[in-house]
Each structure stands twice: as C-alpha cells, then as structure tokens.
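Take a look at the structure below.
Protein chains in written order, with my numbering: chain L, 36 to 256; chain U, -15 to 93.
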C-alpha cells in the first residue's frame, strides 16, 4: 500500500486516536479491564457509539488477522456492570486469530452445491452444503468473501460481489456459473453478516454501457 | 496494592500504523509511562515520536529514521504523569499527521 494519506485514512486515524484516549481512561479507571489480555496482541478498538468507525475497525481487524497477526478487538465506551458476577459473563474482547478457514474434510455430493445469483445486488453465492450450515462471511478482497462454518471454520462457500460488472469482466469463464444458478435474493443468513455495498447495474457508467453495446455490435457483425 | 503494568499496541489505520501505550500504575497514580507513535513502512514499524517519563520527568522525543532522538521537549505536566499521558494522546490526535509527514521527509533525504 502506498503511504499517501487519503481523506478516509486521515479521518479513521483521527477518530482512532480519540478512541485511544477513551481506552486509556478506561484502563486507568478499571484494574480488572484487560487483565488477561496478552501484551503482544495488536489491539483494534471498537467504539460502541460510532457505527461507521466500528465497522471500519472490524474490517481492519479481519485484514490484520488474515495476515496472521495476533489481533484482538476491544470494545470502548461500554458501561461497566456493577456486579462482579455479571462482569464475569461480559464479553469485552475476543481474539480473531482462532479463525483458520480449512477445506471440508469430506466434499459434499454435487447435488449439495448451491449457486445463487442475486441480480439486484449483482452478487453470486456458492454454497457447498445446500445452505444448511450457519456461516460467517469474511471479506478477503474488494469483491470476494469466503463463507466459513461458524463452528468448525470449514470453508462452506464463497460470495462474489460485482459479479457481472467486475468478476466476469476479469474472467469470462465465471459466467458459466450462471448456468447452474438459481436467480433469487441472497438471504441475510446466507450472507453470514456480510454487507453488500457494490454498485448495481442501474449505476453502470456511460463508458461501461458503451463497451457493452460495442461488444454486442461485434457479435452481430 | 501492587503496581499494574499495561503495554498495548493499538492499530490506527489501514497502513498498520499504531500507537504503543505502556504505563505502570499504582492505584489511580501513574508511576511510569511511555507512548510511542509508530508508522508501518514496508512491513517494518518505525517510531516517529515518543512521550515518556524516563529521566524522571515527562517529555517528548522526536525520533530520527534510525530511532535516535533528534529533538526533545519537556511536557507541560512534567511531574503529573497521568495528565502527561492524556496530553500525549491529545498532542498525537492534533499533530500525528504533521509528525508522520516530517518523519517521512527526514527519511527520504
């Protein structure tokens, strides 16, 4: 990554420094907070009152964990419970290093393979287990996410966003997946917590539309 | 009550820049502290600026490319380490961008 500061990097860093101040104040005030937290873990702070920063930092944590960094998320700004018994049940931090996606021990029969194309969101979902597993979605690039079993961390499938606009444009063979696909909306449970924020076909640029028209014209000719 | 030490690296952005916060407290009193802003360059952390209570008073060290102190400045709350710790984070919140760019400029010479 280039070291040029973009507006979003500056904004995220500013807000995180402010969050560090709040976190230190919590550390000083509460001797029990983080008493079992290993010093060598990279901490990523998650504010309870700033959803956009929480989301950005959560994605930061996933990228950090996917690089093999020992990463921990720490909530900041939570009201501390007054009773120790309740406190012992509070989840204030959790490790992400434990997520190690693996391929399934046994491949399911072909009939279990589910392919769904969500036209409204231009997203392709692949599920090896007929959408029977409870999944957790983990973004691995700008356009793809792996879907893992939330208990066993076995790979359950994939999600590709901007499927026609980007993925098929990059690798036309992917279009054959549509022959197997069911055309419907991808459900929230199938997304496993992922949020799709790609452009839809209605947002196709003039340049892209011109490219499509040109390509069709070439076929006709 | 025995002193408690905290030492955490807190990630700040997608570059992997982080701030290291290390302090020892005895009850509500901070008896030693160090705050260091480090930028990540080609996967290697480089310390840019450090605030600590070494030498018996709170001060800020501006660091060179090889980690050497090229300039230091006494902090306003030189003997109140709890206030100095807060001041350090406030100073970084306001000035990290300048400290970062000046550090990179020094390194590129």
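All C-beta atoms in this analysis are idealised placements derived from N, C-alpha and C, irrespective of residue type, glycine included.
Just so it is clear, the structure is predicted and the values come from calculations on it, not from any experiment.
(message) For the pair the stretch 172 to 183 of chain L and the stretch 217 to 231 of chain L, tell me if three or more CB-CB distances fall below 8 Å.
(response) yes
(request) Could you spell out the range, first to last residue, of the beta strand (DSSP E) harbouring residue 179 of chain L? (result) 179 to 184
(message) Nearest by alpha-carbon distance to residue 51 of chain U: which of U/77, U/14 and U/28 is it?
(response) U/28
(message) Taking the straight line between their C-alpha atoms, what separation do you get for residue 212 of chain L and residue 9 of chain U?
(response) 60 Å
(message) Whole angstroms are fine: how far does the CA of residue 220 of chain L sit from the CA of residue 92 of chain L?
(response) 28 Å
(request) On a CA-only basis, which of L/96, L/113, L/76 and L/100 is nearest residue 84 of chain L? Give me that one, please. (result) Relative to the Cα of residue 84 of chain L, the nearest Cα in the group L/96, L/113, L/76 and L/100 belongs to L/113.
(message) According to DSSP, simplified to helix, strand and coil, what is residue 48 of chain L?
(response) Secondary structure of residue 48 of chain L (DSSP, three-state): helix.
(message) According to DSSP, simplified to helix, strand and coil, what is residue 79 of chain U?
(response) Helix.
(request) Provide the residue span of the beta strand (DSSP E) that contains residue 25 of chain U, from first to last. (result) 13 to 25
(message) If distances are taken between C-alpha atoms only, which option among L/209, L/49, L/55 and L/43 comes closest to residue 69 of chain U?
(response) L/55
(request) Would you mind reading off the limits of the alpha helix (DSSP H) that contains residue 89 of chain L? (result) 86 to 101
(request) Scan the stretch 154 to 168 of chain L for residues whose Cβ lies nearer than 9 Å to a Cβ of chain U and list them as they occur along the chain. (result) none
(message) Residues of chain L with CB closer than 9 Å to the CB of residue 2 of chain U, please, in chain order.
(response) 77 and 78
(message) Let me confirm a value: residue 59 of chain U is counted as buried when at least 16 other C-beta atoms fall within 10 Å, else exposed. Which label applies?
(response) buried
(request) Would you identify the three-state DSSP class for residue 73 of chain U, choosing helix, strand or coil? (result) helix
(request) Please compile the residues from chain U whose C-beta is within a distance smaller than 8 Å of the C-beta of residue 45 of chain L. (result) Ordered by position in chain U, the residues that pass the 8 Å Cβ test against residue 45 of chain L are 81.
(request) Return yes when the Cβ of residue 45 of chain U is within less than 8 Å of the Cβ of residue 62 of chain U, no when it is not. (result) no
(request) Consider the Cβ of residue 73 of chain U: report whether some Cβ of chain L lies at a distance smaller than 8 Å. (result) yes
(message) For residue 150 of chain L, list the residues DSSP reports as bridge partners.
(response) L/161
(request) Within its chain, find whatever has a CB closer than 7 Å to the CB of residue -6 of chain U; leave out the 5 residues flanking it on each side and keep chain order. (result) 2, 3 and 5
(message) Using 8 Å for Cβ pairs, my map puts residue 65 of chain U next to residue -12 of chain U. What's the rounded Cβ distance?
(response) About 14 Å separates the two Cβ atoms, so there is no contact after all.
(request) Note down, in chain order, every chain L residue with its Cβ under 9 Å from the Cβ of residue 66 of chain U. (result) 63
(request) Could you list which residues in chain U have their beta carbon closer than 7 Å to that of residue 99 of chain L, in chain order? (result) -5
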